[in-house]
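A.B. asks: Its first residue numbered 1, the sequence shown is counted upward by one per residue in full-length UniProt numbering. We treat Cβ as the ideally placed atom computed from N, Cα and C, and that holds for glycine. Fair warning: this is a prediction, and the values are worked out from it, not measured in the lab. Structure below; questions to follow.
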Amino acid sequence: MGLLFVQSLPGPKVFMCRCCKVDSASHDAILSKSFSGRYGPAYLISRVVNFTVGPSEDRHLLTGWHIVCDVYCSCCQQLLGWKYEKAYDESQKYKEGRFVLEKARVMKIAPGIFHFRVFYLRSLVVG
């Protein structure tokens, strides 16, 4: 087993894995807040960090058939959402290569929580 490299995102507004609190996406990467996931409301995101993907599969979603793969936190393996690999419908092609993060699986860290983030990350490094 090798070392796990975790990428930290700059800026005060960051989405973190609700389970282990590692950075997942920047607030600036949100493309849409009006998506639905398995567990309720979700975000369409352009870029995600600290993740692994499951196998690609055909899945029927609200907007039709897509090839997607589940997205997991690279630290704790918590399911965070999915990544659109391919859209069959021409009107849905804009989703290809984008991510859906479930609001129930991530938490947004606001500007006032920045010091908590630094303290928490240091505690992970020190042990």
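1. Cys-19 and Cys-76 look like a contact to me (Cβ under 8 Å); what is the Cβ gap, rounded to whole Å?
2. Scan the UniProt domain "Yippee" (13 to 110) and note each continuous beta strand (DSSP E) run of 3 residues or more that stays entirely inside, going in chain order.
3. By Cβ distance below 6 Å, which residues in the same chain neighbour Ser-74 in space, the five residues on each side in sequence not counted?
4. For Leu-62, count the other beta carbons within 10 Å of its own beta carbon; 16 or more makes it buried, fewer makes it exposed. Which is it?
5. Using a Cβ-Cβ cut-off of 8 Å (strictly less than) and excluding sequence neighbours within five positions of Tyr-72, which residues of its own chain qualify?
6. Alpha carbon to alpha carbon, how far is Gly-37 from Pro-12? Give it in angstroms, no decimals.
7. From Gly-40 to Lys-103, what does the alpha carbon distance come to, in whole angstroms?
8. What's the gap between the Cα of Lys-95 and the Cα of Arg-59?
9. Using CA coordinates, which residue listed in Ser-8, Phe-5, Lys-33, Gln-7 is at the minimum distance from Phe-99?
10. If we ignore side chains and look at the alpha-carbon of each, how far apart do Tyr-88 and Ser-56 end up?
11. What do you get for Lys-93, buried or exposed, if any count of 16 or more other CB atoms within 10 angstroms of its CB means buried?
12. Between Lys-65 and the rest of its own chain, which residues show a CB-CB distance below 7 Å, the 5 nearest in sequence each way excluded?
13. Report buried or exposed for Leu-9, applying the criterion of at least 16 other Cβ atoms within 10 angstroms of its Cβ.
C.D. replies: Quick answer:
1. 5 Å
2. 14 to 17, 23 to 26, 30 to 37, 40 to 45, 51 to 53, 57 to 61, 64 to 73, 79 to 87, 99 to 102, 106 to 109
3. Asn-50, Phe-51, Thr-52
4. exposed
5. Phe-51, Thr-52, Val-53, Gly-54, Gln-78, Leu-79, Leu-80
6. 25 Å
7. 7 Å
8. 14 Å
9. Lys-33
10. 14 Å
11. exposed
12. One detail in the question is off: residue 65 reads as Trp in this sequence, not Lys. Asp-58, Tyr-88, listed in sequence order.
13. buried
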